[in-house]
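S.K.: In the order they appear, the protein sequences are chains A and B.
At position 41 of the first sequence the residue is numbered 41 (our numbering), and the sequence of numbers has no breaks.
Count along the second sequence from 1, then add 1000; that gives the number in our numbering.
The beta carbon of each residue, even a glycine, is placed where N, CA and C say it ideally should be.
Got a structure for you, questions after.
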Amino acid sequence: DQQVKQNSPSLSVQEGRISILNCDYTNSMFDYFLWYKKYPAEGPTFLISISSIKDKNEDGRFTVFLNKSAKHLSLHIVPSQPGDSAVYFCATRYSGGGADGLTFGKGTHLIIQP
Amino acid sequence: DAGVIQSPRHEVTEMGQEVTLRCKPISGHDYLFWYRQTMMRGLELLIYFNNNVPIDDSGMPEDRFSAKMPNASFSTLKIQPSEPRDSAVYFCASSETQGWGEQFFGPGTRLTVL
């Protein structure tokens, strides 16, 4: 049973437009959320994070929004650039129970078209 | 720092053979994580260590899998005997804080078991 779901396996966006990637989670105990970006033949790299006490975090072109009541988070990239083409993973964790590993979604392949 | 180093980058072996994957975390990081990525299950946590001690191995799929961390700069993930369903990309990651911190991933080892 997947605790973190990214329902769009792929997303195509035109360069310069906004990219919106979505993620849903089922466990209300999750209290920290991250987005990772992955290029082919490389490991995932950290992009941006948000804790459950916030509903928005912004870093340059990247903004993450958290809706706790809906158990939903999204990543906005604006404007989208060709270098943003990659697989984006949503990841979550919770501080209780001593579990420090991340639970990942299956990823969304973002394709930025020129 | 060179980042997290994994070896080999690619491994092709026959069913029944022993496979050993290696990881060197970033110096000074107290946490080390092993993840596995497959098409079906995405990225999943196998095991993680804190200060060289295994903390949670609940993600290890079977007794055929074992992991060790003999010192702060080296960890191994061993599969014995290997099976075709073990074919996946195995990532090692490290972090310096208790999970709240960003996890830094290595480039991964692509394992193919024939």
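Which chain B residues sit within Cβ distance under 7 Å of lysine 106 of chain A?
M.R.: As a working note, residue 106 of chain A is residue 106 in the first sequence. Those are Gly1042, listed as they occur along chain B.
S.K.: Rounded to whole angstroms, what's the CA-CA distance from serine 52 of chain A to phenylalanine 33 of chain A? Just pull it up for me.
M.R.: Numbered from 1 along the first sequence, position 52 holds the residue referred to as residue 52 of chain A. Numbered from 1 along the first sequence, position 33 holds the residue referred to as residue 33 of chain A. Between serine 52 of chain A and phenylalanine 33 of chain A, the C-alpha separation is close to 8 Å.
S.K.: Taking only the alpha-carbon atoms, compute the straight-line gap between glutamine 3 of chain A and tyrosine 25 of chain A and give it to the nearest angstrom.
M.R.: Taking the first sequence and counting its residues from 1, the one referred to as residue 3 of chain A is at position 3. Taking the first sequence and counting its residues from 1, the one referred to as residue 25 of chain A is at position 25. The straight-line gap from Cα to Cα measures roughly 5 Å.
S.K.: Can you tell me the Cβ-Cβ gap for leucine 75 of chain A and valine 64 of chain A, rounded? I've got them flagged as a contact below 8 Å.
M.R.: Locating residue 75 of chain A in the first sequence gives position 75, counting from the first residue. Locating residue 64 of chain A in the first sequence gives position 64, counting from the first residue. Yes, leucine 75 of chain A and valine 64 of chain A are in contact; Cβ-Cβ is about 5 Å, under 8 Å.
S.K.: Could you tell me the distance, in whole angstroms, from the CA atom of threonine 1038 of chain B to the CA atom of threonine 1013 of chain B?
M.R.: For the purposes of this step, residue 1038 of chain B is taken as the residue at position 38 of the second sequence. For the purposes of this step, residue 1013 of chain B is taken as the residue at position 13 of the second sequence. Roughly 17 Å between the two C-alpha positions.
S.K.: Given that a residue counts as buried once 16 or more other Cβ atoms are within 10 Å of its Cβ, and exposed if not, what is lysine 56 of chain A?
M.R.: Counted from its first residue, the first sequence places residue 56 of chain A at position 56. Answer is exposed; the Cβ neighbour count stays below 16.
S.K.: So, does the CB of glycine 1106 of chain B fall closer than 8 Å to a CB anywhere in chain A?
M.R.: The count along the second sequence starts at 1 and reaches residue 1106 of chain B at position 106. At least one chain A Cβ lies under 8 Å of glycine 1106 of chain B.
S.K.: Could you tell me which of A/His109, A/Gln113 and A/Gly101 sits nearest to tyrosine 1048 of chain B, measuring between CA atoms?
M.R.: Walking along the second sequence from the start, residue 1048 of chain B turns up at place 48. Tyrosine 1048 of chain B has its Cα closest to that of A/Gly101, out of A/His109, A/Gln113 and A/Gly101.
S.K.: For the putative contact between aspartate 1086 of chain B and leucine 1111 of chain B, defined by C-beta atoms under 8 Å, what is the C-beta separation to the nearest angstrom?
M.R.: Translated into the one-based positions of the second sequence, residue 1086 of chain B becomes position 86. Translated into the one-based positions of the second sequence, residue 1111 of chain B becomes position 111. The pair is a contact, with the Cβ atoms about 6 Å apart (cut-off 8 Å).
S.K.: Is the distance from the Cβ of valine 1004 of chain B to the Cβ of alanine 1088 of chain B below 8 Å?
M.R.: To locate residue 1004 of chain B, count along the second sequence from 1; it is residue 4. To locate residue 1088 of chain B, count along the second sequence from 1; it is residue 88. Their beta carbons are not under 8 Å apart, which means valine 1004 of chain B does not touch alanine 1088 of chain B by this criterion.
S.K.: Grab the span of the beta strand (DSSP E) containing glycine 1042 of chain B for me, first residue to last.
M.R.: The residue labelled residue 1042 of chain B in the question sits at position 42 within the second sequence. It spans 1042 to 1050 - the beta strand (DSSP E) in which glycine 1042 of chain B sits, taken as one unbroken run.
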